[in-house]
Every structure is written in C-alpha cells, then in structure tokens.
C-alpha cells in the first residue's frame, strides 16, 4: 500500500494551496514566458548564440576580403557595400535552421508534450518560438550591422528608408519562422535537421547575396532573381543606398514590392501548415 | 464494463472502449479503465502493450479513434483545456529543460500554469524541498542523476495539485538508488491525496506502490484487482533448483514435485527445475530436505516472485482465463 510511509511532517506540502492559479490563459503572456526560456538559454549557455553571430561575421570577412577583390558588381560600386545587405538577408535565411532545430529538439525531448499538457492556448508554443527567434535575429542583425560599419559599409539614405530596410529583413525572417516551425514539427529526425542545414546553403547561394544575377548564366540568373532572399537583399540594398548589382529587369523596378510580397506568400502557405503540423501531434 | 466494483465516489478517471490505430497497428483495442479518487492505480504491461498510448490519449496529447474518456467528469476529447487544468503528466522522456536550473524549470512551468511570479517562486521552493531537490535547486538539470530528473519531472507536474497525475514508466532506466528515491516521491504524492495512474513493466513496482492494478496486453486490460487478488490468480512464488549434475535433472524434478505436491517445469538449457508455490519461504525447507535425502547436490537454489512473463503466460493461458471475456 501507499500509505506505509507517511510524509515527513517537517517537509512543505506537496498539495498546492487552493487558488494558486491566479492568471487566466493568455497566449501573449504564455508566448513571452516560453520565449523567455530561450533568453535564459543564451545566458546559461551563451556559446551557441555567440558562435552563430561569429559565423555570420566570418562569412562577411571571407567574402568581403577573400573573394571580394575578384567579384565585379554590375553598374559599379564597392563590393563590401554590395555584400553587407545581402549578408543581412542571408542571416535571415540561416535563422530557419535555428527555428527548425529548436522545434525538433523540444518535440523529441518531451518539452513540447509538457507544454501541450498544460492549460495554455494552443498558439502559445509557436508564438513563444516566434518571439524568441525574432529577438535572436534582431540581435544578430545588429551585430552584423556593427561589423559592417567597422569594415566600411555605410547606409547612405535617411532614417525612414533604413528603418524600412530593417523591417523588410525581419519580415523575411518572420515568414521563414513558419517554415522552420513546420519542418521542425513534421520532420523530427536528426537526418532531417542536417538535410535542412545543408539545403539552406544552395538556397542562400542561388541568390544575389554574393554576386549579381547579371553575372550568372541566363537560366541560373533567372532562378537567383526569383529567389525570395534576392528580393529582400536587393530591396535592402536599395533602401540602404548601397549598390544593387541590378541594372535591368523586373527586380530593378520592383525589389521593395517583391520583398514585401514574397514573405507574405511564404507566411500564407506555411503558417497554416505549421498550425496543422502542431495539431497533427495529436495523431 | 470494467471488472472492478464501482466505488462510492465517482471515479476520477473513466475510460470506456478506447481504440487507437497507427496505420495497421492497433495500439488500443477496447481499453477500459476506472481510477478511483485518491488511489494509486497501476497499469502493468510489457513493452508494446499500449500503456503509453493509453496515457497519451487520457492526457489529451493523442486523439483516439473510438471510445470515451473523462477526467473529473470532463470529456477528454471535447474539453481538453479544462482537462489539462486537472492533470499532471510525467511522460517517458524527461520533459524538463536541460539547460535551465531546477528552480528555473519549476518557476517556468508554474507561471505557464497561470501562477503569478512571486507565488510561482514560492511554489517552486516548496516543491524543491518536498522532493529533496533544494540543495540542487540552482544547478543545471543537465548535471542531474536520473532519479533527480524524474523527481523534478514529477514536481513540475504537481505545480497545481492535479486531480490525477499520470506517471508513465517513472523508474525505467534508473539505477536502484534512483528508483528508491522516485518510489519514495510517489508514496509522498499519494499520501498527499493525489490520484495517480502509474504505468510500469515491473510487477514489484506495481505491487509496492499501487492500490489497484490493471494488467494490460495487446491494447486492452486483461485482468484487474488489488495486488493481493492478482497474486492469488497468478499463483505464488517460484522456487528454482539447479542440480549440480545435469544428468539428474529428471530426478530433481521428481523430488521437487513430491516435496511440493506441484508439477515443476524443467528447463534443460539452464538445468533449472522451477516450481510454483503459494508461500516460497515455507516451501523452501521441505524442498531442500527432500533433495538432501536423495543425495542430490545443488548448484543453486533461488526463491523469487513471479516475473511479468509468467504473469502474462498465466493470464493469457486460454483455459484459465475468464478475465479475457470479462470485459
């Protein structure tokens, strides 16, 4: 029987006081709490976060100085000034891996099940992920910009344009959140995570991040032009007053529009998919 | 209907005819269960019997295809949020954040459960003390032993005293010391009046902790009763004799059979003669004396409780199994 060992009287009660629960379920509060857990991770295990930032800076240095001298920007312009906005967009794309990995790890470890067994709103888990990853990207973007300023990148436009450029970059990150959440929930194996880590590279490179589409063979240039990362990179270049590397074609005219629409399309496709993958955990 | 007599207060948990298929595999096949308020109910079964699926269905994590389930009278399927306010779940995987400290974990789960920050902190302190984790409160969970993690897991599930606490194989993979500390924790949870549904592969664990045991196989409950009732049905202890001379195995079986009045089973590979007896301690002396009288030397004499395998062989034996049809 279970009552053979009565609890030691000196110990605090296991049973909670009645009325302990004094907050109603609220997805914003719960999302913030779940995101706060990620912030605690940065404090407790800062190396993963720091390494992520250092990696992006390393790419900037590698391409800026190692390959930069050999790369020509169509319509002329400094390569560092061309490269940095592209790197900002690439950093947003790379954030996808972080989202997917975090989501897959939590599901595998049972943390997601714990969240799901709590009386919280069903949107809270994804909202928490989104808030934490956006915060992470804001810091990452700030570090990249400071690094860029140190090596000679300068935005030459007014604060309104610069702010819009930053917003469009984070807008792409926001859209890719849902891709990451969907993939992380749907494909939880280590193999799937590795596959995405590998696949973001060709997606990142098949864009105008490092070189202008106009220097590529025709068909490849078309793919790069239609890559959502290129739209955001080109729009950011325009808005920061940096060389765009685009002298003709639709992207020269409509980069800002494309950088607004692409993430919207991605969100419209993947947000419902992410929601259905979350509901699908019940199967 | 479930074979248990209905207790006077309504059961905390009631499940009827649960069915759950994964592709061609049937995980639950007409699963019935009633857990009385304030009791520890053991769900005993081998790997693959459907214990985890049953717990996941009852804890609103997994949808079932057919059947009904309720907790405190609330429908698991139709009122999942209300049900979640009344359950605690300790799953098979450690559902605590490795990178955070024990205290940070408890405060996080308390606040997520709707407790304001200062009260969440006090509650975390109480739970850390109650589960003897106070000394490790500010260490990262990644450095915890298996037993400590389990206790933290249990504490995290008890932030708001649940109407029922699900413990899915809480001691699987723990060393004996960790197991003992988790058993102690479960006893204290039960002593505090919490209703517990405990799944386990170990008969002795169910025996030690549970007031009532449901034996599960192939997705359904095949027998149910108090530990004493089940043991009576399963038979008593097992005495195993290993004669020194393998050639005299048949002699040994004969002698053991005569001494106990029960036909023993013989395993030629391990040279083991095993006999079922009602009271092992009382049966041991006559067996040893009889072997001695026949000058049969033995390498080993062992007295043990029935294994889960034997429980299942017994319960699923077609001739002696009225419970199979009892549902």
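Residue numbers (my numbering), protein chains in the order written: chain A, 1 to 283; chain B, 1 to 327. Glycine is no exception: its CB is placed at the ideal position from the N, C-alpha and C atoms. These numbers were taken from a predicted model, which means no experiment stands behind them.
- For residue 187 (chain A), no beta strand (DSSP E) segment is defined, and its DSSP state is neither H nor E.
- Contact with chain A is absent for residue 172 (chain B), since none of that chain's Cβ atoms lies less than 8 angstroms from the residue's Cβ.
- One thing to note: residue 57 (chain A) has its Cβ no nearer than 8 angstroms to the Cβ of residue 153 (chain A).
- The continuous stretches of alpha helix (DSSP H) do not include residue 303 (chain B), which lies in the beta strand (DSSP E) extending over residues 298-304.
- According to the DSSP assignment, residue 145 (chain A) belongs to the alpha helix (DSSP H) that extends over 124-150.
- At least 8 angstroms separates the beta-carbon of residue 134 (chain A) from that of residue 90 (chain A).
- Within the region 77-111 of chain A, the residues whose Cβ lies closer than 8 angstroms to any Cβ of chain B are, in chain order, 108, 109, 110, 111.
- Residues of the region 22-48 of chain A whose Cβ lies closer than 8 angstroms to any Cβ of chain B, in chain order: 22, 23, 24, 25, 30, 33, 34, 36, 37, 40, 41, 44, 45.
- The DSSP-derived three-state label of residue 216 (chain A) is coil.
- With respect to the C-alpha of residue 136 (chain A), the residue from A:94, A:281, A:150 having the closest C-alpha is A:94.
- Residue 115 (chain A) has its alpha-carbon roughly 24 angstroms from the corresponding atom of residue 68 (chain B).
- Within the region 49-67 of chain B, the residues whose Cβ lies closer than 9 angstroms to some Cβ of chain A are 56, 59, 60, 61, 62, 63, listed in chain order.
- Each of B:274, B:180, B:63 was checked against the Cα of residue 131 (chain B), and the nearest Cα belongs to B:180.
- Nearest CB-CB separation between residue 16 (chain A) and chain B: below the 8 angstroms threshold.
- In the DSSP assignment, residue 110 (chain B) falls outside any beta strand (DSSP E) and lies within the alpha helix (DSSP H) extending over 102-112.
- Distance from residue 162 (chain A) to residue 155 (chain A) at the Cβ level is roughly 5 angstroms; contact confirmed, criterion being Cβ atoms closer than 8 angstroms.
- Residue 37 (chain A) places its beta carbon less than 8 angstroms from that of residue 100 (chain B).
- Taking residue 203 (chain B) as the centre and dropping the five residues before and after it, the same chain places the C-beta of 44, 305, 306, 307, 308, 311 closer than 8 angstroms to its C-beta, in chain order.
- For residue 113 (chain B), at least one C-beta of chain A is nearer than 8 angstroms to its own C-beta.
- Runs of the alpha helix (DSSP H) lying entirely within the region 14-48 of chain B, each at least 4 residues long, are absent.
- Among the bridge pairs identified by DSSP, residue 240 (chain B) is matched with B:274, B:302.
- Counting C-beta atoms within 10 angstroms of its own C-beta, residue 18 (chain A) has fewer than 16 neighbours from the protein chains shown and is therefore classed as exposed.
- Separation of residue 237 (chain A) and residue 160 (chain A) (C-alpha to C-alpha, rounded to the nearest whole angstrom) is 14 angstroms.
- Per DSSP, the beta bridge partners of residue 75 (chain B) are B:70.
- Only residues of its own chain outside the window of five on either side were considered, and among them 213, 251 have a CB closer than 6 angstroms to the CB of residue 225 (chain A), listed in chain order.
- Taken atom to atom, the span from the alpha-carbon of residue 126 (chain A) to that of residue 26 (chain B) is near 31 angstroms.
- At the C-beta level, residue 210 (chain B) and residue 314 (chain B) stay beyond 8 angstroms of one another.
- Among the residues facing chain B, residue 276 (chain A) is not included, as its CB has no counterpart in that chain under 8 angstroms away.
- By the rule that beta-carbons nearer than 8 angstroms mark a contact, residue 20 (chain A) touches chain B.
- Interface residue (Cβ-Cβ distance to chain B less than 8 angstroms): residue 13 (chain A) is classified as such.
- Residue 31 (chain B) has a beta carbon lying at 8 angstroms or more from every beta carbon in chain A.
- The CB of residue 91 (chain B) comes closer than 9 angstroms to the CB of 110, 113, 114, 117 in chain A, given here in chain order.
- Taking the beta carbon of residue 129 (chain A) as reference, no residue of chain B falls within 7 angstroms; the closest one sits roughly 14 angstroms away.
- Residue state for residue 206 (chain A) is assigned as coil, using DSSP reduced to three classes.
- In this structure, DSSP gives residue 200 (chain B) an extended state, which the three-state scheme calls strand.
- Residue contact check for residue 116 (chain B) against chain A: a CB pair falls below 8 angstroms.
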